[in-house]
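Colleague:
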Amino acid sequence: MSEQTRNPYDICTWRPVSECAGCPLSERLKCRFDRADLFHFMALFGGFAFPAMIGVVRGGYGWWLLGWFAFWLIFFEAWEIRILCSHCPYYAETGRTLHCIANYGSLKLWKYHPEPVSRAEKAQLWIGFAILFGYPFFFLFLGGQWAFAFLAFWGGVLFFWTLRRYTCSRCVNFSCPLNTVPQEMVDEYLRRNPTMREAWEASGHQSALREEEEKL
Ligand code: SF4
Ligand code: SF4
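Printed below as a string of C-alpha cells:
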C-alpha cells in the first residue's frame, strides 16, 4: 500500500520517517510506533492484572474472570476505542486494526475522529476505568485474598503512576484526560497536521498558531 493510501488524513505520525528529520518534537513525543513502548505498556498492565487473576482463582471465584475478560473485549474493542482511540493520530492509519503503543491489534470498527475527546467521552472513560480496575477487587475481597488484593492494588498504582509520568507526558492523543503534554508541543504537532488542527479549532481549541499567523 502506498504512503498516501495508508495515510488519508496526512497525519505526520504515518508519513515516511524521513520527514521527521529536524522536527523539534522528535524524541520528545511518542509519535512514531515503537515496539519497546508497546511492551512497556503491556508489562505495566500485567503488573496489575496477573496478581488480580491469581488472587481471584485462589479465592475460588475463577469462573468470574470470564466476566472480566468479556468486559475487556467490550471496552477495548468497542467502547474505549470509540471514545478515546478514535481521536488518536495512531488511529488515522488506513486498515482494520490499530497499530499503536498500547491497544495494538484492536479492531477499528469506527471512523477516525480528528477532533478532541469530548467531555461526555471523558466521563465515560472514567466510568470504564473504574469497572476495568474495580471488577477483580470485588472477588478478591469476597475470597479473602488480601495479599493478592494488595499486590494488584500496588500494581494498579504503579501502572497509572508510571504511565502518567513516562507515557502520558509524551503521548499524541493530547485530549485524553490523562495527557500532560505541554500546550506549545500540542500546537507544534497541530502545525504539522492541518486536518487535526482544523478539527481542533472548530471544536474551540485556542492555539497560539492563529495569533502567530495574524502577526505575520
Ligand atoms: S511530530 Fe510528526 S514530524 Fe515530528 S517527529 Fe513526530 S511524527 Fe515526525
Ligand atoms: S489513545 Fe492510546 S491506546 Fe488509543 S490509539 Fe492512541 S496510543 Fe493507542
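First residue of the sequence shown? That's -8 in the numbering used here, and the numbers climb one at a time after it.
Ideal Cβ placement from N, Cα and C applies to all residues, glycine included.
As the structure is a computational prediction, the values presented were derived from the model and not from experiment.
(1) For Leu212, does the three-state DSSP call read helix, strand or coil?
(2) Is the region -7 to 7 in contact with the region 73 to 85, if contact means three or more CB pairs nearer than 8 Å?
(3) Less than 8 Å separating the Cβ of Ile65 from some heavy atom of ligand 2?
(4) Are Phe24 and Cys91 touching if we call contact CB-CB under 9 Å?
(5) Distance check for Glu202 and Gly38, CA to CA, integer angstroms please.
(6) In this structure, how does DSSP classify Thr88 when only helix, strand and coil are distinguished?
(7) Where does Ile118 land, buried or exposed, given buried means 16+ other C-beta within 10 angstroms?
(8) Would you mind giving the Cβ-Cβ distance between Ile122 and Phe30, rounded to the nearest angstrom? I have them listed as a contact below 8 Å.
(9) Compare the Cα-Cα distances from Ala140 to each of Phe128, Phe150, Val148, Leu149 and report the closest residue.
(10) Rounded to a whole number of angstroms, what is the C-alpha to C-alpha distance between Cys14 and Val8?
(11) Excluding the 5 residues preceding and the 5 following Trp55 in the sequence, name in chain order all residues of the same chain whose CB lies nearer than 6 Å to its CB.
(12) Give the list of continuous alpha helix (DSSP H) stretches no shorter than 4 residues that lie fully inside the region 91 to 176.
(13) State the Cα-Cα distance for the pair Pro173 and Cys11, rounded to the nearest angstrom.
(14) Hey, would you say Ala114 sits closer than 9 Å to Gly46, going by beta carbons?
(15) Suppose you measure from the CA of Cys167 to the CA of Met187; what does that come to, to the nearest Å?
(16) Any idea what DSSP makes of Ala190, helix, strand or coil?
Modeller: Checking against the coordinates, here is how it stands:
(1) Only positions -8 to 207 of the chain appear in the structure, and residue 212 is not among them; the question remains open.
(2) Remark: three or more beta-carbon pairs, one from each stretch, lie closer than 8 Å, so the region -7 to 7 and the region 73 to 85 are flagged as touching.
(3) Here residue 65 refers to the residue found at position 74 when the sequence shown is read from its first residue. Closer than 8 Å to some heavy atom of ligand 2: that does not describe the Cβ of Ile65.
(4) Here residue 24 refers to the residue found at position 33 of the sequence shown. Here residue 91 refers to the residue found at position 100 of the sequence shown. Judged by beta-carbon spacing, Cys91 lies within the 9 Å limit of Phe24, meaning their Cβ atoms are closer than that value.
(5) Counting from one through the sequence shown, the residue named residue 38 turns up at place 47. Counting from one through the sequence shown, the residue named residue 202 turns up at place 211. Each residue's alpha carbon lies about 45 Å from the other.
(6) Within the sequence shown, the letter at position 97 stands for residue 88. Strand at Thr88.
(7) Translated into positions along the sequence shown, residue 118 becomes position 127. An exposed status is given to Ile118, since fewer than 16 other beta-carbon atoms sit within 10 Å of its beta-carbon.
(8) Numbered from its first residue, the sequence shown carries residue 122 at position 131. Numbered from its first residue, the sequence shown carries residue 30 at position 39. Not really, about 26 Å apart at Cβ, beyond 8 Å.
(9) To locate residue 140, count along the sequence shown from 1; it is residue 149. Checked all of Phe128, Phe150, Val148, Leu149; the closest Cα to Ala140 is Phe128.
(10) Here residue 14 corresponds to residue number 23 of the sequence shown, with the count starting at 1. Here residue 8 corresponds to residue number 17 of the sequence shown, with the count starting at 1. Rounded to whole angstroms, Cys14 to Val8 spans 11 Å at the Cα level.
(11) In the sequence shown, counting from the first residue as 1, residue 55 sits at position 64. These residues qualify, in order along the chain: Phe130.
(12) DSSP runs (the alpha helix (DSSP H)) wholly in the region 91 to 176: 110 to 133, 137 to 157.
(13) Indexing the sequence shown from 1 puts residue 173 at position 182. Indexing the sequence shown from 1 puts residue 11 at position 20. For Pro173 and Cys11, the distance between alpha carbons rounds to 20 Å.
(14) Counted from its first residue, the sequence shown places residue 114 at position 123. Counted from its first residue, the sequence shown places residue 46 at position 55. For the 9 Å CB-CB criterion, Ala114 and Gly46 do not form a contact.
(15) Along the sequence shown, read from residue 1 onward, the residue named residue 167 stands at position 176. Along the sequence shown, read from residue 1 onward, the residue named residue 187 stands at position 196. Whole-angstrom Cα-Cα distance: 15 Å.
(16) Within the sequence shown, residue 190 is the residue found at index 199, counting from 1. Helix at Ala190.
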